[in-house]
Amino acid sequence: MSRIGVFVCHCGENISRTVDVERVAGEAAQLPGVAYSCDYKYMCSDPGQNLLKKALAEHNLDGVLVAACSPRMHEKTFRKAAQSAGLNPYLCDMGNIREHCSWVHEDREAATAKASDIVKLMVERVKRGKALAPITVPVTKRALVIGGGIAGIQAALDIADAGKEVILVEREPSIGGHMAQLSETFPTLDCSQCIMTPKMVDVANHPNITLYTYAEIEKVDGYIGNFQVTIRRKARSVVEDKCTGCGVCTSKCPKKKIPNEFDQNLGMRSAIYVPFPQAVPNTPVIDRENCTMFQSGKCGVCAKVCGPQAIDYEQQDTLVVEAVGAVVVATGFKLYSIDRKPEESPIKGYGEFGYGLIPDVIDGLTFERLASASGPTGGKILRPSDGKEPRQVVFIQCVGSRAREKGISYCSKICCMYTAKHTMLYRHKVHDGQAYVFYMDARTPGKGYDEFWRRAVEVEDAVYIRGMVSRLYQRDGKIVVMGSDTLVGVQVEIEADLVVLATAVQAQDGADLLAQKLGISYDKYNFYSEAHAKLKPVECATAGIYLAGACQGPKDIPDTVSQASAAAAKVITLFSKDQLERDPVVAKVNEKYCVGCLQCKKVCPYGAVEEKEIRDRQGNLVKVVANVNAGVCGGCGTCQATCPSKSVELDGYTDEQIMAMIEAL
Amino acid sequence: MKNKLMHLSNETINLDFVNKVEKLSGSSVRRCMQCGKCSAGCPMATFMEHPPNRIVRLLQLGQGKRILAGRSIWYCASCETCTTRCPNTVNLAAIMDALRKLSWDADGPSKESYVQLANRLFIENIRTYGRQYEMRLGAVFNLRSGRLLKDFLLGPKLISRGKLKVFHQKNRNLDEIEAIFSRIEEMRKKGEAL
Amino acid sequence: MTPKKLKNYSYYPGCSLHASGREYDISTRALFKALNIGLKEVPDWFCCGATPAHNVDELLSLSLCAKNLVLAEEVEGDLAVACAACFSRLKTTQHHLKVDDEKRAQVEKAIAGPATIAKPVKHILEILVRDLGLAKLEESVKKPLFGLKVACYYGCLLTRPPEVPELDDCEDPSIMEDLLRALGAEPVSWSHRMECCGANFTLSRPDVVLHLSDAILRSAQAAGADCVMVACPLCHGNLDIRQEAIENRSQEKYDLPIFYITQLAALAMGVDDDKLGFDSVIVDPRPMLMDKELI
Amino acid sequence: MHSAEKKHDFEPKVVAFVCTWCTYAGADLAGTSRMQYPPNVRVLKFPCTGRIDPVFILRAFQKGADGVLVSGCHPGDCHYMAGNFHARRRFAAFRVLLGFVGVDLNRLQFSWVSAAEGGKWVEVVTELTERVRAMGPMREFKELEQEEQWSATLTTPELQQAYESI
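Structure below.
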């Protein structure tokens, strides 16, 4: 016979106002198996907890039910108290007579009856509870960082500086990401390359960082502390160990007129190329689609001129498997492209801005390349169509953003600031040029941000026009901008030489596919979801995976770096333990009854169920049964509900417990 | 004019005008963020086609012509509420003064003839008599504005209470007054003052 | 032998105080006499230019005021000003000439001589509440204005813009109320203490004045005031002379006497009501004062 | 809002099987928001709707429930990624079976209530309670339970007697 203790809480008056707590305690005492019951003003208070501990010892209780608030509130509190008095914490449960009873019912009689029922049900559950021990899993103290932009670089450096190994995987031939493309950065206007390249070099030289560029994540298995990651290293056609980065191949390559993606297709590159001079690693890659050798088999110039013989036309993709304990996802963003009619984009077209058919209508990132000292124009602002210096430049904000029906509903966050920066850069380079900005709101929260914007208006003479642009069209070598100034209430027309669109920040292409590989969730715009918008902004709901930078939502550099360091701190915290403890609510297979149908394996969302062969002493196969990996099991219990022979059971929610509760109805 | 399409270019943005306004008023127009607080508190805003904030907005866009084409600036009562409350210390009252001055100099495409007439008579009186001569001010105003019967009944009441003096006040400094007026005119002619 | 004065002030009355606002001048002189404070008018002062001048010609406005300040140097003592508009113009001129060297140079050229701006320009309120002090004022009261509920109307120019008059807080002044309490009266709390009355539109656009002044009288009446106290002859004109027209326009009966600060102060000092120019105003305050047994 | 003052002739017994992450939390929110609903419902907490075996529902009807509610996270929001999808498929099949054996399907309700939907919880519970109240007590399964008693154990004197009389 069990010896259960029932403790009914008044919660001040929160419960006792509508529930007759004394009666509930009195009725509980009559329940079979209840050895002790009482009521108390505040069970969660120190004296309340002491009361519980004392009763445990004095009455030799083997189970505890606290009828009080929601277990989501205080289950931990009471389990801890029970544990300190020597009871297994999983033998302590709570009956929710506040949120589910006293607060939602007015009728005292009915509420009291319901509270008694709740106690009766829960007592049945406690009676059949099992003592459980927390599960421990080992931690592999290596981290995987996906994405080599500023977010990935920062996270990798922070983790590596803490003495942990890091695998950094980057899809492009060089790390650096978008930040490497920028000219100068707000709000201080320091040159992006100048602050970025030292960090890139640090990554390359760090003894704790293994860098895989031109590589992608193929597969992710395992769970927190124990991931196995398969990485596809795309064939570079250049052997990294042999290449010295001398650059002869790129200069001798006969095919030189390929638009350079890094320069937003404004500049040209060869078929064998490094995307930009400061690239890390400084190892070229052959663009096979544009290489004559790969297309027609006739050329081979690069191989001939390469002194160290690093060119390998036969190179194949290779797969590398790495074991890591934590993953930082830092895959960044892309800008909504204005180049073509969008097909599978949530943005339903901006044909009024020309669909990319007007050469002097460019996006913000292209303007960055124009303004960059290392860009295709050497830092001169020249319009793409005729290479002339534009006298009047119109900037249009919120292209795609904040357009719930036609584009995306969110604010892209960085455009107000970078547009203000663009007007300044333009004014610094073209002193008598005039910048106009069409905007809906100037959103500049951030340290020194509003001051920066006002400087653009008040000192650098940018004319800000509150209103949007209806249409752009070409006339006599100019772009006619049809806009409005809602502050005055008039239509505005400007003949611009160059138009720069602040297009929406979107999730990277393939962000959803990567999320599926990682088992993390994402929103309808494919931005990755954090576990809690406020209190867990870096963690994914999937344990052991963390987010950094714009892959989680539009972010500027300071925010990105902060989040990257936060993700790194989370990883380092995880790595500070040798073993991870986790809730023991997991499924267990009763091998005696299991017939090995493996229905459970099919339904398990975690892939926690494996086949297990049972052999006799001679090694003959007796039968195949299911086996649950406790480290992977999430504890949902779907297997148990599915199992036809009822031979898998979820600790804490056994059929016996639930049936007993139903019987007690 | 008010709703006419606005072409913006280096040619149509009259920064010269804006600079004059900024110089005369000693206040920046660019500092304005268009929060609208000036218009919110303006006792005269309901009488204006361009409320105060829009006047500043038009200045920011170098559209002095549009401002002077309307009469809004002549409805400003110089109560200084806008200036007092502006979160960015745009001295709108001074900007209004400057705009009226520029309109006055251009011999007023801004047509609030009654207000202008009253101002003109007031200043004329100072030049002639050194002090205000309310009887003449009222009488000439009514005569010139063609509103002969305006405040017709008030006159006798005021005269009987000694509030309206039939004769002007005496002043021995009349030459000095005239000298000040003509020196200012001289300075302007020479371009020494705006 | 005349008794020695407590203090001596030079005095700039301004045009209105010699004409439509004569009772302000009369009562100011009576009050100062009663308080044994010397008041000597600046000889041959001329118009400050008021709003019309600065509205269209700031340089003229500054020059006129600067010249007046030079003239004031001839008389001993801080410059006392009663009219809020003159006070504002003179203070503004001092302010501009102090902070703007270019304007100062232009003004000095216009008046053909150095602009002297050192002499403190003081509004009557300032002299009563600060120079004399509330304690001394309270001592001197002979006939306290018990039971008189007064709406203190500051208008625009007494406190605005904040850096110029330096008289009181520009959004929540209390100097008038402090004065009235010292006189034994009861200032009411009301909403339109600092709203514009329409000012000099009285000549060009009386309709505007009626619209704005109506709101002021309405608010004062709603707050339970027996009368309104003002510091500016233009405000007085708009609220007093045009009160009948306002009443006709809004079909409301206000019948609110409009007092100058000095009229009420002098009354409390025991000056005979015959000597305060009550016969000059349109809304006769005497029935109300008699009703309250104050005269 | 439900008024507790109303007295009814029949107070139905409603059992709710809910998942701990969404619906249980949603019911908590209804509590913290002090919403009111009929006190007839008894809540049984599960980690996930995927854990809920249809047998539980049958058993609940047998043990006197007049209505049963199964509620979990919205599709796609499952804390365990896919548990609620399995539950959805399972219950779609199970409903047909229940209908086949003659249970009025109005007594059984499935719904999705998220942790943020305190109001929806109140709506769902109130609606089900009132619907079942109108339908009256559920007798069929209780009789079945008695039959089971007959055939299984001989604990009651009547049974013993009947057995011996054979």
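Chains as they are written, first to last, in full-length UniProt numbering: chain C, 1 to 665; chain D, 1 to 194; chain V, 1 to 295; chain P, 1 to 166.
All C-beta atoms, glycine included, are put in the ideal place defined by N, C-alpha and C.
- Counting C-beta pairs closer than 8 Å gives fewer than three between the stretch 121-141 of chain V and the stretch 210-224 of chain V, which falls short of the contact rule.
- For the 7 Å CB-CB criterion, Asp240/V and Ile261/V do not form a contact.
- Listed by position along chain C, the residues whose Cβ is nearer than 8 Å to that of Met6/D are Asp485, Val488, Val490, Gln491, Val492 and Glu493.
- Fewer than three pairs of CB atoms, one per stretch, sit closer than 8 Å, so the stretch 260-275 of chain V makes no contact with the stretch 92-99 of chain P.
- Contact fails between the stretch 136-144 of chain C and the stretch 110-119 of chain C, because fewer than three Cβ pairs, one in each stretch, are under 8 Å apart.
- In this structure, the beta-carbon distance from Asn14/D to Gly62/D falls below 7 Å.
- Among the residues of the stretch 151-168 of chain D, those with a Cβ less than 8 Å away from any Cβ of chain V are Asp151, Leu154, Lys157, Leu158, Arg161, Gly162, Lys163, Leu164 and Lys165, in the order of the chain.
- The alpha-carbon of Ala82/V is positioned some 13 Å away from that of Pro165/V.
- Counting along the chain, Phe333/C sits inside the beta strand (DSSP E) bounded by residues Phe333 to Leu335.
- No Cβ of chain V is located within less than 7 Å of the beta carbon of Glu178/D.
- Within chain C, the residues whose beta carbon sits less than 7 Å from that of Asp28/P are Ser70, Arg72 and Glu99, listed in sequence order.
- Around Leu56/C, the same chain offers Gly5, Val64, Ala82, Ala85, Gly86 and Leu87 as residues with beta carbons nearer than 8 Å, after the five sequence neighbours per side are excluded.
- For Met48/D, there are no neighbours in chain V by C-beta distance under 9 Å, as the nearest C-beta there is about 11 Å away.
- For Gln506/C, the three-state secondary structure derived from DSSP is strand.
- The DSSP-derived three-state label of Leu105/P is helix.
- The C-beta distance from Val609/C to Cys639/C rounds to 7 Å, short enough to meet the 8 Å contact threshold.
- DSSP lists Val70/P as the beta-bridge partner residues of Phe110/P.
- Apart from sequence neighbours up to five positions away, the residues of its chain that approach Arg391/C with a beta-carbon distance below 6 Å are Gly433 and Asp497, ordered along the chain.
- Sequence-distant Cβ neighbours of Ala105/V in its own chain, meaning closer than 6 Å and more than five residues away, do not exist here.
- Pro233/V places its beta carbon less than 7 Å from that of Gly21/V.
- At a cut-off of 7 Å between beta-carbon atoms, Cys48/P makes contact with chain C.
- For Asp97/D, the C-beta contacts it makes with chain V under 8 Å involve His54, Asn55, Val56 and Glu58, in order along the chain.
- Distance from the Cα of Glu165/C is smallest, within the candidate group Gly652/C, Phe575/C and Gly129/C, for Phe575/C.
- Boundaries for Glu322/C: no alpha helix (DSSP H) harbours it, while the beta strand (DSSP E) harbouring it runs Thr318 to Val324, taken from the DSSP string.
- Any Cβ of chain C closer than 7 Å to the Cβ of His86/P would place that residue at the interface, and such an atom is present.
- When secondary structure is reduced to three states using DSSP, Arg404/C falls in the coil class, being assigned neither helix nor strand.
- Going by C-alpha positions, Glu134/D is about 24 Å away from Lys40/V.
- Taken in chain order, the members of the stretch 623-641 of chain C whose beta-carbon sits within less than 9 Å of a beta-carbon on chain P are Gly634, Gly635, Cys636, Gly637, Thr638, Cys639, Gln640 and Ala641.
- Counting C-beta pairs with one atom in each stretch, the stretch 115-122 of chain P and the stretch 22-34 of chain P have three or more that are closer than 8 Å, which means they touch.
- For Ser27/D, there are no neighbours in chain C by C-beta distance under 7 Å, as the nearest C-beta there is about 12 Å away.
- Counting along the chain, Met6/D sits inside no alpha helix (DSSP H); it lies in the beta strand (DSSP E) bounded by residues Met6 to Leu8.
- In the three-state DSSP reduction, Ala155/C falls in the helix class (H, G or I).
- Closest in alpha carbon position to Met81/P, among Tyr606/C, Thr377/C, Ser2/C and Glu663/C, is Tyr606/C.
- For Ala28/C, none of the residues of chain P pass the 7 Å Cβ criterion, the least Cβ distance being about 16 Å.
- For Ile159/C, same chain residues with a beta-carbon under 7 Å away, outside a window of 5 residues either side, are Ala143, Val166, Ala568, Val571 and Ile572 in chain order.
- Taking C-alpha positions only, Leu256/V is separated from His18/V by approximately 24 Å.
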